[in-house]
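S.K.:
There are 2 protein chains.
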Amino acid sequence: MPPSERKKPAAENDAAVPKAVVNRLSLYLRELQHLVAAGSATTSSGQLGQKLGFTDAQVRKDLAYFGQFGYPGVGYRCDELIEAIRGILGTNRHWPMAIVGIGNLGRALLGYKGFSHQGFRIVAGFDADASKIGKSIEGVEIFDIAELTNVVQQRQIKLGVIAVPAAAAQQVADQLVAAKVLGIVNFAPVTITLPEHVSHVGVDLAIEMEQIAFAVVNRLSGG
Amino acid sequence: MPPSERKKPAAENDAAVPKAVVNRLSLYLRELQHLVAAGSATTSSGQLGQKLGFTDAQVRKDLAYFGQFGYPGVGYRCDELIEAIRGILGTNRHWPMAIVGIGNLGRALLGYKGFSHQGFRIVAGFDADASKIGKSIEGVEIFDIAELTNVVQQRQIKLGVIAVPAAAAQQVADQLVAAKVLGIVNFAPVTITLPEHVSHVGVDLAIEMEQIAFAVVNRLSGG
Numbered sequence: 001m002p003p004s005e006r007k008k009p010a011a012e013n014d015a016a017v018p019k020a021v022v023n024r025l026s027l028y029l030r031e032l033q034h035l036v037a038a039g040s041a042t043t044s045s046g047q048l049g050q051k052l053g054f055t056d057a058q059v060r061k062d063l064a065y066f067g068q069f070g071y072p073g074v075g076y077r078c079d080e081l082i083e084a085i086r087g088i089l090g091t092n093r094h095w096p097m098a099i100v101g102i103g104n105l106g107r108a109l110l111g112y113k114g115f116s117h118q119g120f121r122i123v124a125g126f127d128a129d130a131s132k133i134g135k136s137i138e139g140v141e142i143f144d145i146a147e148l149t150n151v152v153q154q155r156q157i158k159l160g161v162i163a164v165p166a167a168a169a170q171q172v173a174d175q176l177v178a179a180k181v182l183g184i185v186n187f188a189p190v191t192i193t194l195p196e197h198v199s200h201v202g203v204d205l206a207i208e209m210e211q212i213a214f215a216v217v218n219r220l221s222g223g
Numbered sequence: 001m002p003p004s005e006r007k008k009p010a011a012e013n014d015a016a017v018p019k020a021v022v023n024r025l026s027l028y029l030r031e032l033q034h035l036v037a038a039g040s041a042t043t044s045s046g047q048l049g050q051k052l053g054f055t056d057a058q059v060r061k062d063l064a065y066f067g068q069f070g071y072p073g074v075g076y077r078c079d080e081l082i083e084a085i086r087g088i089l090g091t092n093r094h095w096p097m098a099i100v101g102i103g104n105l106g107r108a109l110l111g112y113k114g115f116s117h118q119g120f121r122i123v124a125g126f127d128a129d130a131s132k133i134g135k136s137i138e139g140v141e142i143f144d145i146a147e148l149t150n151v152v153q154q155r156q157i158k159l160g161v162i163a164v165p166a167a168a169a170q171q172v173a174d175q176l177v178a179a180k181v182l183g184i185v186n187f188a189p190v191t192i193t194l195p196e197h198v199s200h201v202g203v204d205l206a207i208e209m210e211q212i213a214f215a216v217v218n219r220l221s222g223g
């Protein structure tokens, strides 16, 4: 089916694409990128699911939310499916982002290679500590948090990442909202409250530990 | 229904509890902990799901994998459901863990308050850098990576967290396997290969960025 005949992304018709499906899209994208790096031009729902521990039916059902991507007798063309998923996720466009809080976690995020591999570009860091302001860390300029609104506008920053201690997270979130970012990722281990029009994802690293505890208790491998 | 009549955890009968369900258990646990902190003794599948963006049917279906936890006319007793989920996840027991790689990410993980809130205790750090070995960082002693096997045995470390650069991740994973940890959480942005008997979870922080991009593109709030 040529692209023009594909269904619109489901989210345009129906906001209720389960979050778990969107999460799996990221996993499929990563697996496809590995396949291409290993020299594969095509794949199948079975192969794609296998390494991730999903059934082929699950893979097909997830992708069917967004259109029809396979070819009879061929399977999926890796490059084409990568571009389609990047289009669905919105990572085929430019997302200037900022890290707020340049402590250990903020520095780790500034240097995290996984972001740039997926097309995310950190264009500014913010902190209140005068010893950090004006420096370049991992190639990123660090600004005074008091300059947040100005810098977000000048550098057209769309996404803000909160990497401050829990006690400061809500205040930083409010500042990011006032500066008109479109989305916020919160790494502080606390729930923040945001207006309806700002998207947000809360990252709770303890969840990963709970998942490994469950896997060990139930003697599961993989991941 | 008294605890003795509850079904065994599904994973004892059937290893195929979907990972997404286990992930949501962590989210329910967090929400229940917030409810208790706010003074609530009981809750409902509707209330529990609402803040997380899940339907009440989803909540009931997820919990039904592991038994029956509600009471007619009452709903769920928060403390009881917290203990039940901690039992299912295995976080009602002691999990001594180690962080390997004390760079920015390793330091951030050593100081991450979210782990100890959920009962995970970091009992050792490892690095190859002589300037870090022997120091105490965030109250955790840092050992020479060459001492990994000895320290893992002495301190009965069950879980290892990989926080080294991607190029070193597989070697560290092999060392953790040789030291006989039961589970590995890998923060390096690379896929590692492990023997079947070692559980592992790969953490890809770019997935969180992709999720927020999708939410912004589709104008979704919450999270």
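From first to last, the protein sequence lines are chains A and B.
Each step along the first sequence adds one to the number in the numbering used here, with nothing skipped, and position 80 is 80.
Each step along the second sequence adds one to the number in the numbering used here, with nothing skipped, and position 92 is 92.
C-beta: ideal position from N, C-alpha, C; glycine also.
What you are looking at is a predicted structure, and each value in this text was computed from that prediction instead of being measured.
Suppose contacts are defined by Cβ-Cβ distances below 8 Å. Is B/I184 in contact with B/H200 by that definition?
M.R.: Position 184 of the second sequence holds residue 184 of chain B. Position 200 of the second sequence holds residue 200 of chain B. In contact: B/I184 and B/H200 (Cβ atoms closer than 8 Å).
S.K.: What whole-angstrom Cβ distance do A/I157 and A/V172 have, given they're in contact under 8 Å?
M.R.: As a position in the first sequence, residue 157 of chain A is number 157, starting the count at 1. As a position in the first sequence, residue 172 of chain A is number 172, starting the count at 1. Rounded, the Cβ-Cβ distance is 14 Å, inconsistent with contact.
S.K.: Only counting the same chain, and skipping five residues up and downstream in sequence, which positions put a Cβ closer than 7 Å to that of A/I137?
M.R.: In the first sequence, counting from the first residue as 1, residue 137 of chain A sits at position 137. Excluding positions up to five away in sequence, the list reads I102, R107, L110 and G125.
S.K.: In whole angstroms, what separates the C-alpha of A/S44 from that of A/L29?
M.R.: Sequence index remark: in the first sequence, residue 44 of chain A carries index 44 (1-based). Sequence index remark: in the first sequence, residue 29 of chain A carries index 29 (1-based). Cα-Cα distance, rounded: 13 Å.
S.K.: Taking the C-alpha atoms as reference points, what is the distance between B/A20 and B/Q170?
M.R.: Here residue 20 of chain B refers to the residue found at position 20 when the second sequence is read from its first residue. Here residue 170 of chain B refers to the residue found at position 170 when the second sequence is read from its first residue. Near 26 Å, if we compare the C-alpha coordinates of B/Q170 and B/A20.
S.K.: Just the C-alpha distance for A/R93 and A/N104, rounded to the nearest angstrom, thanks.
M.R.: Position 93 of the first sequence, counted from the first residue, corresponds to residue 93 of chain A. Position 104 of the first sequence, counted from the first residue, corresponds to residue 104 of chain A. If you take the alpha carbons of A/R93 and A/N104, they lie about 29 Å apart.
S.K.: Determine the closest residue to B/Q118 out of B/K132, B/D129 and B/M97, with distance taken between C-alpha atoms.
M.R.: Taking the second sequence and counting its residues from 1, the one referred to as residue 118 of chain B is at position 118. Among B/K132, B/D129 and B/M97, the Cα nearest to that of B/Q118 is on B/M97.
S.K.: Output needed in chain order: residues of the stretch 111-125 of chain B with a Cβ under 8 Å from some Cβ in chain A.
M.R.: Residues G111, Y112, K113, G114, F115, H117, Q118 and F120.
S.K.: Go through the stretch 117-204 of chain B residue by residue and report every complete run of the beta strand (DSSP E) that reaches 3 residues or more, in order.
M.R.: Counting whole runs of 3 or more residues, the stretch 117-204 of chain B contains the beta strand (DSSP E) stretches 120-127, 140-144, 159-162, 183-186 and 199-202.
S.K.: Roughly how many angstroms lie between the CA atoms of A/I145 and A/S131, to the nearest whole one?
M.R.: The count along the first sequence starts at 1 and reaches residue 145 of chain A at position 145. The count along the first sequence starts at 1 and reaches residue 131 of chain A at position 131. Cα-Cα distance, rounded: 13 Å.
S.K.: Please list the terminal residues of the continuous alpha helix (DSSP H) segment that includes B/V22.
M.R.: As a working note, residue 22 of chain B is residue 22 in the second sequence. Taken as a continuous stretch (DSSP letters only), the alpha helix (DSSP H) holding B/V22 covers K19 to A37.
S.K.: Please classify B/Y65 as buried or exposed, where buried requires at least 16 other C-beta atoms within 10 Å of its C-beta.
M.R.: Here residue 65 of chain B refers to the residue found at position 65 when the second sequence is read from its first residue. Buried.
S.K.: Flag B/A206 as yes if its beta-carbon sits less than 8 Å from any beta-carbon of chain A, otherwise no.
M.R.: As a first step, residue 206 of chain B must be located in the second sequence, where it is residue number 206. Yes, its Cβ sits closer than 8 Å to a Cβ of chain A.
S.K.: What's the C-alpha gap between A/Q58 and A/K51?
M.R.: Taking the first residue of the first sequence as position 1, residue 58 of chain A is located at position 58. Taking the first residue of the first sequence as position 1, residue 51 of chain A is located at position 51. Approximately 13 Å between the Cα atoms of the pair.
S.K.: Would you list, in sequence order, the uninterrupted beta strand (DSSP E) runs of no fewer than 3 residues that lie entirely inside the stretch 62-110 of chain A?
M.R.: Listed in chain order, the complete beta strand (DSSP E) runs (minimum 3 residues) inside the stretch 62-110 of chain A are 95-100.
S.K.: At which residues does the alpha helix (DSSP H) containing A/G46 begin and terminate?
M.R.: Position 46 of the first sequence, counted from the start, is the residue given in the question as residue 46 of chain A. S45 to L52 is the extent of the alpha helix (DSSP H) around A/G46.
S.K.: Ignore the nearest five residues each way along the sequence and tell me which others in A/P189's own chain have a CB closer than 6 Å to its CB.
M.R.: The residue you call residue 189 of chain A lines up with position 189 of the first sequence. Around A/P189: A166.
S.K.: Around the C-beta of B/Q175, are 16 or more other C-beta atoms found within 10 angstroms, so that it is buried, or is it exposed?
M.R.: For the purposes of this step, residue 175 of chain B is identified with residue 175 of the second sequence, where counting begins at 1. Buried, because 16 or more other Cβ atoms sit within 10 Å of the Cβ of B/Q175.
S.K.: Taking Cβ positions, are A/I207 and B/N23 nearer each other than 8 Å?
M.R.: Here the question's residue 207 of chain A lines up with position 207 in the first sequence. Here the question's residue 23 of chain B lines up with position 23 in the second sequence. Yes, they are a contact pair.
S.K.: Determine whether the beta carbon atoms of B/I88 and B/L159 lie at a separation below 8 Å.
M.R.: Mapped onto the second sequence, residue 88 of chain B falls at position 88. Mapped onto the second sequence, residue 159 of chain B falls at position 159. No, they are not a contact pair.
S.K.: Output the distance between the C-alpha atoms of A/S40 and A/E80, rounded to the nearest integer angstrom.
M.R.: Start at 1 with the first residue of the first sequence, and residue 40 of chain A comes out as number 40. Start at 1 with the first residue of the first sequence, and residue 80 of chain A comes out as number 80. For A/S40 and A/E80, the distance between alpha carbons rounds to 12 Å.
S.K.: Distance, Cα to Cα, B/E12 vs B/A84?
M.R.: Here the question's residue 12 of chain B lines up with position 12 in the second sequence. Here the question's residue 84 of chain B lines up with position 84 in the second sequence. Low confidence applies to B/E12: its pLDDT is 35, below 50, so where it sits in the model is not reliable enough to give any reading.
S.K.: Residues of chain A with CB closer than 8 Å to the CB of B/V201, please, in chain order.
M.R.: As a first step, residue 201 of chain B is located in the second sequence; it is residue number 201 there, counting from the start. Correct list: E208, Q211, I212, A215 and G223.
S.K.: Please list the residues of the stretch 140-159 of chain A that have a C-beta atom closer than 8 Å to any C-beta atom in chain B, keeping them in chain order.
M.R.: So the list reads K158 and L159, given in the order they occur along the chain.
S.K.: What number of angstroms, rounded off, separates the C-alpha of B/G202 from the C-alpha of A/I212?
M.R.: For the purposes of this step, residue 202 of chain B is taken as the residue at position 202 of the second sequence. For the purposes of this step, residue 212 of chain A is taken as the residue at position 212 of the first sequence. One C-alpha to the other measures close to 10 Å.
S.K.: Would you mind telling me which residues of chain B sit closer than 8 Å to A/S26, beta carbon to beta carbon, in chain order?
M.R.: As a working mapping, residue 26 of chain A is identified with position 26 in the first sequence. Result: D204, A206, I207, E210 and Q211.
S.K.: According to the neighbour-count rule (16 or more other Cβ atoms, all chains shown, within 10 Å of its Cβ), is B/A38 buried or exposed?
M.R.: As a working mapping, residue 38 of chain B is identified with position 38 in the second sequence. With fewer than 16 other Cβ atoms within 10 Å, it is exposed.
S.K.: Check the DSSP bridge columns for B/T55 and list the partner residues they point to.
M.R.: Mapped onto the second sequence, residue 55 of chain B falls at position 55. According to DSSP, which records beta bridges pairwise, B/T55 is partnered with nothing at all.
S.K.: Rounded to whole angstroms, what is the Cα-Cα separation between A/F54 and A/A215?
M.R.: The sequence position of residue 54 of chain A within the first sequence is 54, counting from 1. The sequence position of residue 215 of chain A within the first sequence is 215, counting from 1. So the alpha carbons of these two residues sit roughly 16 Å apart.
S.K.: Taking all protein chains shown into account, do 16 or more other C-beta atoms lie within 10 angstroms of the C-beta of B/K8, making it buried, or fewer, making it exposed?
M.R.: The sequence position of residue 8 of chain B within the second sequence is 8, counting from 1. Note that B/K8 scores 35 on pLDDT, short of 50, meaning its location in the model is unreliable; the coordinates nonetheless yield the value given after this. When all chains shown are included, B/K8 counts as exposed.
S.K.: Please report the distance separating the alpha-carbon of B/G49 from that of B/G90.
M.R.: On the second sequence, position 49 is the one that residue 49 of chain B refers to. On the second sequence, position 90 is the one that residue 90 of chain B refers to. Rounded to whole angstroms, B/G49 to B/G90 spans 22 Å at the Cα level.
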